[in-house]
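These notes concern the structure reproduced below.
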Amino acid sequence: MGGNNTKKSAVRSVKKFFLLSFLCVLPLCLLSEWLRGFPAAIHFSTFSNNCRSRNVTILLWYWPFNRPYSLQGDVCWNLYRIAHCRLVDQRSLFSSADVVVFHNKELIMGRQKLPLDLPRPQGQRWAWMSLEAPAYSGNLGRYANVFNMTITYRKDADITVPYGELLLKEAKGQLLEDVSVNKESLACWVVSNYRSQHKRSQVYKELNATVPVEVYGRWTKKPLPSSALLRTISRCYFYLAFENSVAREYITEKLWRNAYQGGAVPVVLGPPLSDYKAVAPPNSFIHVDEFASVNELGKYLQQLAQDKKRYTEYFTWTQKWKVKLYTDWRERLCKICLQYNTLPQQKVYSDLNAWVNANNT
Ligand SMILES: *[C@@H]1O[C@H](CO)[C@@H](O)[C@H](O)[C@H]1NC(C)=O
Ligand SMILES: *[C@@H]1O[C@H](CO)[C@@H](O)[C@H](O)[C@H]1NC(C)=O
Ligand SMILES: *[C@@H]1O[C@H](CO)[C@@H](O)[C@H](O)[C@H]1NC(C)=O
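And the structure:
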C-alpha cells in the first residue's frame, strides 16, 4: 500500500516537475522569440548568450560588394549588445571559425571562390548570404551540398535578415500631425533601373494613364540624391513601392524607408498581399492586387487623397510602431550568434537552387 502511495506521489511529483518546467520554460522561450526583434530584448539575449562559456567566431570570407566595415574591438557587443560573438574577416582564422559566411553576389559573378581546398573543421558551418530575389541570385546549381545555413530575408532561412521591420514604440499615442499638409503630388515613383518587361513598369504605365505619377530617378533623368529622397517623397500622397522582382517575401527598403519613413502611403507591388500582411499593419499600405484593375486603383487613390479623414487613417499605425531599417552587414552577421545555439546540429542544403526558388510566384 505504502509503496503504491510512494509510487503515486513520485509519479505526481514527476508530472508536477514536467508541468512546472513546461510552464516556466515555454513562456521564457516564447518570450525570447517574441522579444528578439525588440530593443528591450537586449538584456534577455545577453542573458541567454551569457549562458555560453565561449565565443562564437563568425568569419566573413570577403566583404559584400567589396566594401569593408570596421571590425575594431568587440563589434557585436559595442554596437548591438550581443555578447560572446567574435566577428572577423581574416582568412587566417578559418580553422577556428564556427561559421564562415559567403555573400552570394561575388560567388555568382566569379569574383570570389569557396575555399573548397581547405579541410573544413569538424562542426564548422558554411553560410550562404544573399539579400537578392531569386531572379538575381544566379545559377546556384553548383552549390549543392556545400552550405549548412542560409542568411536571407525569408522567414524560413536559418538566419532571417529583413530589409526592415516595425518595432513597438515604447511610448505610444502622440497625436497625428496633419499628414496631408505639404502634399504636392498624388503619386510618386523613384526608378533607376527601368525595364519595360518588369511587371511594375506595366502597372506604372497603366496607372499613369489614369492619375498623374511623378517619376524620379535615373530613368527620367531626375535623380534624387539620398539627402533629398525622403523630403521629396514626403510631398507625395502615395509612393509606389514597386519591387523590381516579384518574389515570395521579397519586401525591400522601398516599403520600409522610402514610403514609411518618407511619410507617403505605400502602394505596393511585389509578393502577395498575405506576405505584406505578415509584416505590416493593416491599413498602412495599399496592394495593387486588391483592385480588379489598375484603373480602379487609380480612382481609389484619387478619392482617398481628397478624403482627409480616410487618408489620415493610413497613418494610425505610426502611433504604435516605428520603422527599424537594417543596412549594416555587421548587424546581420552578429545576429548569427543570437541564434547559434538553436541551429540544427547537422544540416546541409543538398539543393540550394531549389530552396532559393521554392514556392516562387
Ligand atoms: C571573447 O571575445 C572577447 C571579445 O573579442 C574577448 O575579449 C574575450 O577574451 C573572448 N573570450 C574567450 C573565452 O575567448
Ligand atoms: C505619364 O502621363 C503624362 C500625362 O498624361 C504624360 O505626359 C507622360 O508622357 C506619361 N509618361 C509615360 C512614361 O507614359
Ligand atoms: C556542413 O556541410 C558539410 C558539407 O556538406 C557537411 O559535411 C557537414 O557535416 C555539415 N556540418 C554541419 C554542422 O551541419
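Residues in the sequence shown are numbered from 9 upward in steps of one, following this note's numbering. C-beta atoms are modelled at their ideal positions from N, C-alpha and C, and glycine is treated no differently.
For ligand 3, I want to know if residue i counts as a neighbour, meaning its beta carbon is within less than 8 Å of at least one of the ligand's heavy atoms.
i, result
"Gln132", "yes"
"Asn153", "yes"
"Arg128", "yes"
"Gln354", "yes"
"Asn361", "no"
"Asn349", "no"
Under 8 Å Cβ to Cβ from residue i, same chain only, skipping five residues before and after it: list those, please.
i, result
"Val107", "Val64, Thr65, Ile66, Leu67, Gln132, Arg133, Trp134, Ala135, Met157, Ile344, Tyr348"
"Cys342", "Ile66, Val83, Cys84, Leu87, Tyr88, Ile90, Cys93, Leu95"
"Asn365", "Pro142"
"Asn57", "Residue placement at Asn57 is flagged as unreliable, the pLDDT there being 45, under the threshold of 50; a coordinate-derived value is accordingly withheld."
"Asn291", "Glu321, Tyr322, Thr324, Trp325"
Bridge partners for residue i per DSSP, in chain order?
i, result
"Ile241", "Its beta-bridge partners do not exist; DSSP assigns none."
"Ala135", "Val109, Met157"
"Gly225", "Lys230"
"Ile344", "Bridge partners of Ile344: none, in fact."
Just checking my contact of residue i with residue j at CB under 8 Å: how many whole Å lie between their CB atoms?
i, j, result
"Val169", "Tyr334", "6 Å"
"Ser240", "Asn303", "Strictly speaking, residue 240 in this sequence is Thr, with Ser absent from that position. Contact flag wrong, Cβ pair sits at about 26 Å."
"Leu237", "Asn190", "Contact doesn't hold; Cβ gap of about 16 Å is too wide."
"Tyr77", "Asp336", "7 Å"
"Ser242", "Ala272", "7 Å"
So, for residue i: in the same chain, excluding its five sequence neighbours on each side, which residues have a beta-carbon less than 7 Å away from its beta-carbon?
i, result
"Ser358", "Ala152, Asn153"
"Asn367", "Arg256"
"Pro35", "Note that Pro35 scores 45 on pLDDT, short of 50, meaning its location in the model is unreliable; the coordinates nonetheless yield the value given after this. Result list for Pro35: empty, nothing under 7 Å."
"Tyr202", "Ser209, Trp227"
"Leu101", "Thr65, Leu67"
"Tyr258", "Ala141, Tyr161, Glu251, Gly278, Pro279"
"Pro72", "His111, Lys113, Trp337"
With distances taken between CB atoms, is the gap from residue i to residue j smaller than 9 Å?
i, j, result
"Ala313", "Ser188", "yes"
"Leu184", "Phe323", "yes"
"Leu248", "Arg208", "yes"
"Cys244", "Ala195", "yes"
"Gln120", "Trp69", "yes"
"Lys330", "Leu174", "yes"
"Gly278", "Glu261", "no"
"Asp166", "Lys355", "yes"
"Leu124", "Leu115", "no"
Would the C-beta of residue i count as close to ligand 2, meaning under 8 Å from any of its heavy atoms?
i, result
"Ala217", "yes"
"Lys213", "yes"
"Val302", "no"
"Val221", "yes"
Taking 6 Å as the limit between beta carbons, can you name the residues of its chain near residue i, skipping five residues before and five after?
i, result
"Pro274", "Tyr247, Ala249, Leu263, Ala267, Phe293"
"Ile50", "Low confidence applies to Ile50: its pLDDT is 45, below 50, so where it sits in the model is not reliable, and the reading given next is rough at best. Here the set comprises Arg89."
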